DNA sequence: AATTAAATTGACCACACTGGTCTAGAAAGG
DNA sequence: CCTTTCTAGACCAGTGTGGTCAATTTAATT
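Residue numbers (my numbering), protein chains in the order written: chain W, 9 to 207; chain Z, 9 to 207.
Structure, rendered in structure tokens:
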């Protein structure tokens, strides 16, 4: 169901394909859900719950070092995604398609709030004294974000055509650590002795 | 036509909507194109031609300073996009939907080649001696790419809900320049006197 | 003006597929 | 044995599809 909605959008999702994919009779679907609309709403709630509990609620927002915090967040997200990617795909799909505006009137507001709260918390209480001082800390945070996002999306894109059953994750993680250490070298204060940035 | 294909994909694009949007009779479409498939192929060729001539062919690949080269490329792309955004949207749509695989068998290979050649040329003959030496130059190139990509997509996303008729572009460009100077400060060799990275 | 040719329209077609219903029966439980 | 809960899939009216075609307007040519 989630897959059908995610890949075709609400309007073009076919209940016939759903029951075929699920291997059940058409009657069942409309026995448990009185309409396609109700099914959609149920899926929505399920996905929001899943992502809230398996991803957002797991974030460690106390870690002052932004890079560590962000790295942990990435691992949590990846774990949740690998456990069940469909809620992510479903919500991303509804969000970018703007598919069901009057179907669930306050949906987009809720999604905005969800991500906005997540992001706000993500960027709150960061120890900016770790950063180099000659570039604005917001700029540094952006650079870290964009670097990690860019690396992630390119890595995921590269993995998409692979057989992941016996994939060598270690080298991927090593690559990620390399990226992080480069970021630290570039964006953080030089450790202790002789801060040659001049402050 | 491009808009219809771009926003619905080949299968769900409606020839009825196309003729309505274009304000012509249904007959005309099938007078000039014998089928939806032929129309699609024509659109494809048109878009590839447009992007090749108005974007890829305009790139200045001699500029040794990567950041300047990339900045110019961004401006060229933006100019082409503003002149006619539909080819970009059309090709992006076909590429991500993987919509017409057996319709145009060698399509994806051609698109891969197009972008691959573009990217390869884009990253060839770069003067890496301008970069700081304590981080691998490929890593630096990636960081610049990701930063510019991230900034661009967030800026575009923010602009999408705006009225652009009398938008203040100067502040946007200024923001972009700020980003570039931060990148230069962070990723390039310190100019001349006292290179404190120690080589 | 008369005739031929090109361009244009929209009603129309068979067909595919839609969300949803409903009958008929299988399972389960008492 | 009866009742209740599940389950299946044939079926329905409706909508939209890509594509056709006879009819008509417009343009070109003689």
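The beta carbon of each residue, even a glycine, is placed where N, CA and C say it ideally should be.
In this text, all values refer to a predicted model and were calculated from it rather than measured experimentally.
Sorted by chain position, which residues of the same chain lie with C-beta nearer than 6 Å to residue i's C-beta, five sequence neighbours on each side aside?
| i | result |
| --- | --- |
| residue 19 (chain Z) | none |
| residue 77 (chain W) | 71 |
| residue 29 (chain Z) | none |
| residue 40 (chain W) | none |
| residue 148 (chain W) | 139 and 195 |
| residue 137 (chain W) | none |
| residue 101 (chain W) | 14 |
| residue 161 (chain Z) | none |
Do you know whose CA, among the options, lies nearest residue i's CA?
| i | options | result |
| --- | --- | --- |
| residue 24 (chain Z) | Z:88, Z:17 and Z:37 | Z:37 |
| residue 48 (chain W) | W:120, W:144, W:22 and W:176 | W:22 |
| residue 82 (chain W) | W:99, W:100, W:62 and W:170 | W:62 |
| residue 6 (chain Z) | Z:111, Z:189 and Z:94 | Chain Z is shown from 9 up to 207; residue 6 (chain Z) falls before or after that span and cannot be answered. |
| residue 146 (chain W) | Z:33, Z:100, Z:186 and Z:115 | Z:186 |
| residue 129 (chain W) | W:65, W:32, W:53 and W:42 | W:65 |
| residue 127 (chain W) | W:144, W:150 and W:113 | W:150 |
| residue 57 (chain W) | W:122, W:184 and W:170 | W:122 |
Per DSSP, which residues does residue i bridge with? Please list them.
| i | result |
| --- | --- |
| residue 196 (chain Z) | Z:139 |
Report yes if the CB atom of residue i is closer than 8 Å to the CB atom of residue j, and no otherwise.
| i | j | result |
| --- | --- | --- |
| residue 140 (chain Z) | residue 192 (chain Z) | no |
| residue 13 (chain W) | residue 59 (chain W) | no |
| residue 105 (chain Z) | residue 17 (chain Z) | yes |
| residue 9 (chain W) | residue 55 (chain W) | no |
| residue 159 (chain Z) | residue 159 (chain W) | no |
| residue 86 (chain W) | residue 152 (chain W) | no |
| residue 73 (chain Z) | residue 157 (chain Z) | no |
| residue 115 (chain W) | residue 124 (chain W) | no |
| residue 79 (chain W) | residue 188 (chain W) | yes |
For residue i, which residues from the same chain have a beta carbon less than 8 Å from its beta carbon, with the 5 sequence-adjacent residues on both sides left out?
| i | result |
| --- | --- |
| residue 132 (chain Z) | 69 |
| residue 205 (chain Z) | Reliability fails at residue 205 (chain Z), whose pLDDT of 47 lies under 50, so the model's placement of it is uncertain and the value that follows must be treated cautiously. Around residue 205 (chain Z): 140, 141, 142, 197 and 198. |
| residue 94 (chain W) | 10, 11, 14 and 55 |
| residue 34 (chain Z) | 23, 24 and 27 |
| residue 89 (chain Z) | 96 |
| residue 91 (chain W) | 62 |
| residue 175 (chain Z) | 167 |
| residue 120 (chain Z) | none |
| residue 190 (chain Z) | none |
| residue 31 (chain W) | none |
Once you ignore the five residues that flank residue i on each side, which residues in its own chain have a CB closer than 7 Å to its CB?
| i | result |
| --- | --- |
| residue 207 (chain W) | Its pLDDT being 42, under 50, residue 207 (chain W) is placed unreliably by the model, and the measurement read from it follows with that caveat. 141, listed in sequence order. |
| residue 98 (chain Z) | 10, 13, 14, 51 and 55 |
| residue 84 (chain W) | 63, 66 and 67 |
| residue 103 (chain W) | 119 |
| residue 163 (chain W) | 180 |
| residue 165 (chain W) | none |
For the stretch 59-69 of chain Z against the stretch 176-195 of chain W, do three or more pairs of beta-carbon atoms, one drawn from each stretch, fall closer than 8 Å, so that the two count as touching? no
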